[in-house]
Amino acid sequence: MMIEDFEGTNYGDWKVTGDAFGAAPAHGTLPHQMAVDGFLGDGFASSYHGGDGSIGTLTSPSFKVARKYIHFLIGGGGFAGKTCMNLLCDGKVVRTATGLNTQPGGSEHLDWQGWDVQALEGKSVVLEIVDQATGGWGHISIDQIVQTDRHLAGMIQNDVELPLKVAQRYFNLPVKNGATKRTLRLMVDGKNEREFQIELADAKPDWWAFMDVSAFHGRAVVLQADKLPEYSLGLKQIEQADVIKDGQNIYHEALRPQFHFSPRRGWNNDPNGMVFYQGEYQLFFQHNPYGWNWDNMHWGHAASRDLVHWTERPEALYPDALGMIYSGSAVVDWHNTSGFGRNGQPPIVLIYTAAGDQFSQCLAYSTDGGKTFTKYAGNPVVPQITGGNRDPKVFWHEPSKHWVMVLWVEKDKRNTIHFLTSANLKDWKVASESDDFFECPDFFELPVDGNPANKKWVLTAASSEYKLGTFDGEKFIAETPKLPGVRSDAFYAAQTYSDIPASDGRRIQIGWLRAPSPGMPFNQCMTVPLELKLMTTPEGVRLARLPVAELAKLRSGTKELGIFSLNAGDPNPLAKVSGERLELRAEFEPGAAGEVDFNLRGLSVSYDAAHQELIVNGHRAPAPLRGGRQRLIVYVDRTASEVFASDGLTYVPLPFLPKAADQNLSVQVKGGSAKFDALKIYQLKSIWK
1 MMIEDFEGTN YGDWKVTGDA FGAAPAHGTL PHQMAVDGFL GDGFASSYHG GDGSIGTLTS
61 PSFKVARKYI HFLIGGGGFA GKTCMNLLCD GKVVRTATGL NTQPGGSEHL DWQGWDVQAL
121 EGKSVVLEIV DQATGGWGHI SIDQIVQTDR HLAGMIQNDV ELPLKVAQRY FNLPVKNGAT
181 KRTLRLMVDG KNEREFQIEL ADAKPDWWAF MDVSAFHGRA VVLQADKLPE YSLGLKQIEQ
241 ADVIKDGQNI YHEALRPQFH FSPRRGWNND PNGMVFYQGE YQLFFQHNPY GWNWDNMHWG
301 HAASRDLVHW TERPEALYPD ALGMIYSGSA VVDWHNTSGF GRNGQPPIVL IYTAAGDQFS
361 QCLAYSTDGG KTFTKYAGNP VVPQITGGNR DPKVFWHEPS KHWVMVLWVE KDKRNTIHFL
421 TSANLKDWKV ASESDDFFEC PDFFELPVDG NPANKKWVLT AASSEYKLGT FDGEKFIAET
481 PKLPGVRSDA FYAAQTYSDI PASDGRRIQI GWLRAPSPGM PFNQCMTVPL ELKLMTTPEG
541 VRLARLPVAE LAKLRSGTKE LGIFSLNAGD PNPLAKVSGE RLELRAEFEP GAAGEVDFNL
601 RGLSVSYDAA HQELIVNGHR APAPLRGGRQ RLIVYVDRTA SEVFASDGLT YVPLPFLPKA
661 ADQNLSVQVK GGSAKFDALK IYQLKSIWK
């Protein structure tokens, strides 16, 4: 039984004194107030009109106690008798509740409180909301006052159902970051077709996730929620539409990376299933479509024809009875060894980990060029071996004429890499083991210095550390110790493309770039595509990474300084250059210079000549001169930076949030001079339409 929800344009028959409560309910955060959340609907009573210095009261008309409990949402100051809501009977305070805060650093969140009023049943009472405090937290917020026979602990309901008929493409779902996670299910003809955790907004959402329900068009479905508060608006706010709600600005949000792939909505982490087929680079990725943080692992899907511009497609793989969809790889089964192909068309086969009570390896396949995928009825094809095991990397080994799976397996509390073989992608046997690598393995062969007669196999994993060696189709023999990879914890779980045509010949890699987008309805992004090479160095053969050549098509404006020398104290040669999305390329001989320092929109990139180290925002990495020169490439985007040095032997990707107004650039020398053979600054176009 509702007493008051403050959804009106004024306070109705409630009596107002003073100026604290204004003339009407608040409809969100008031001027100079911290962000308010937890209220239901659009309005709530707030005594912050005029700030903490205002005082006043808000008093209800008389009503009779007709239920066992009175519950309400309350926030604001926690000063007894001064920032509170009182229940009065015969003019006396018989129940009272205060807000939640008295010290700096508190939250404006409204939370449930309640009173047991069984002893007052049948009596006439009045509610009085009081603000008599004028210092910090000198205000009170109240919403959703109800009479109920449920105890506060009993207000949580299981299996709350919302029947719907699917008439449009999407169900738009309200999300409140940090809210209690609810289990949401989509039931079709009594079958659970979708199940996931979501921070369902009981009141005003922070953003809207979307569920593509086009596969069920015209059918009656039921959305079912667990552990939903009795007065939650979560299910009631769900909307059907053919567009993503609040999606008119997708790809142009303030913190949307402009040349790094990120999903339209939700969280992404590991790249998965990277395969090239019929002119398209397929990119699958770990995706939580319904939250800003990790959970609900699906395989999201995007495709590109140039490694630069990406089109996001519907989810490729949804969680099922075997578990969430963890990382894996993809291949084109050119000889149809699996039997999944149709009408002479080779299938694209996804190999992934199903993460449930057991961790098993499974297959899905596409016969329409990667638009839709069908899970193999015989899954799993590799049951759990022992402990944790996941992230299968699969490829065809031509000399042995069989498939190879490289799989992380936790064995006897050790990290191992298992090598399995198969003739048909369905039936697998363990061939050998190797130690020392943790999750997301990748395994490929590369020529040394471009010489096809001298090749090495590279075994790497999530951290990007790697070993070089030989492989006979079943066993890897390492010829090096574990070598350091990318010089940054922001780079993780990278994978390389399979089925790149021999005419291209590149080994192309994309990694997860751990670069948050705070306040956005999406989170994290991918690195730019990278070309991998093996190069001979004084320390031996080493792996190098450089951005793919296709990125050059993003260049729009160019500033080229040519050959020049720069001495300590010289004016900044980039003083008249500015830009938002940037690529810098520099080649210089540091000479006696102590440091060559670049600053790009606040990103500090320095080269310490004495120690031959690269320093990116204080993060140091070895970067040897090659032929007496240093060659730098720097990319700056809205949430991330990527820096390459020493012809790609050093690579430092980092999260970076430049200030929107800061588009200044500079270069200077400390402690000597430097000779520049080239210095170019490119403005970059967005990859998004």
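In the working numbering, the protein residues as written are 1 to 689. Cβ atoms here follow ideal geometry from the backbone N, Cα and C, with glycine treated the same way. Bear in mind the structure is a predicted one, so any value in this text is a computation, not a measurement.
How about residue i and residue j: do their beta carbons lie closer than 7 Å?
i, j, result
"residue 315", "residue 298", "yes"
"residue 241", "residue 172", "yes"
"residue 290", "residue 209", "yes"
"residue 503", "residue 599", "no"
"residue 345", "residue 367", "yes"
"residue 274", "residue 33", "no"
"residue 110", "residue 38", "yes"
"residue 21", "residue 73", "no"
"residue 587", "residue 678", "yes"
"residue 243", "residue 329", "no"
"residue 425", "residue 349", "yes"
"residue 608", "residue 626", "no"
Judging by CA-CA distance, which residue of the options is the nearest neighbour of residue i?
i, options, result
"residue 480", "327, 598 and 469", "469"
"residue 303", "327, 86, 293 and 278", "278"
"residue 40", "365, 52, 423 and 234", "234"
"residue 635", "660, 562, 552 and 675", "552"
"residue 112", "159, 670, 231 and 28", "231"
"residue 269", "65, 75, 287 and 127", "287"
"residue 416", "244, 385, 181 and 679", "385"
"residue 160", "228, 373, 152 and 143", "228"
"residue 184", "238, 521 and 134", "238"
"residue 55", "16, 66, 62 and 78", "16"
"residue 445", "422, 397 and 195", "397"
"residue 4", "18, 189, 23 and 70", "70"
"residue 82", "206, 99 and 88", "99"
"residue 323", "353, 64, 340 and 331", "353"
"residue 295", "89, 267 and 244", "267"
"residue 595", "643, 569 and 671", "671"
"residue 430", "474, 436 and 454", "474"
"residue 580", "684, 192 and 632", "684"
"residue 524", "125, 114, 285 and 205", "285"
"residue 638", "143, 119, 18 and 251", "251"
So residue i and residue j are in contact, right, with Cβ under 8 Å, and what is the actual spacing, rounded?
i, j, result
"residue 6", "residue 35", "The Cβ separation is near 18 Å, so there is no contact."
"residue 656", "residue 640", "6 Å"
"residue 682", "residue 555", "4 Å"
"residue 117", "residue 68", "7 Å"
"residue 256", "residue 280", "Going by Cβ atoms, the distance from residue 256 to residue 280 rounds to 23 Å, so no, they are not a contact pair."
"residue 440", "residue 377", "The Cβ separation is near 27 Å, so there is no contact."
"residue 24", "residue 10", "5 Å"
"residue 550", "residue 307", "5 Å"
"residue 122", "residue 213", "About 49 Å separates the two Cβ atoms, so there is no contact after all."
"residue 188", "residue 221", "5 Å"
"residue 337", "residue 423", "6 Å"
Label residue i either buried or exposed according to how many other C-beta atoms from any shown protein chain fall within 10 Å of its C-beta, with 16 as the threshold for buried.
i, result
"residue 539", "exposed"
"residue 693", "Nothing can be reported for residue 693, as the shown portion of the chain is limited to 1 through 689."
"residue 101", "buried"
"residue 606", "buried"
"residue 653", "buried"
"residue 343", "exposed"
"residue 103", "exposed"
"residue 547", "buried"
"residue 615", "buried"
"residue 527", "buried"
"residue 2", "exposed"
"residue 592", "exposed"
"residue 442", "buried"
"residue 358", "exposed"
"residue 560", "exposed"
In the DSSP assignment, find the beta strand (DSSP E) that holds residue i and state where it starts and stops.
i, result
"residue 286", "280 to 288"
"residue 86", "83 to 89"
"residue 362", "359 to 366"
"residue 301", "298 to 304"
"residue 639", "Neither: residue 639 is in no beta strand (DSSP E) and is coded neither H nor E."
"residue 613", "613 to 616"
"residue 534", "530 to 537"
"residue 677", "673 to 684"
"residue 267", "266 to 277"
"residue 44", "Per DSSP, residue 44 belongs to no beta strand (DSSP E) and is neither H nor E."
Should residue i be listed as close to the ligand COA, given that the test is whether its C-beta is under 6 Å from any heavy atom?
i, result
"residue 495", "Absent from the structure shown: the ligand COA. Ligands present: none."
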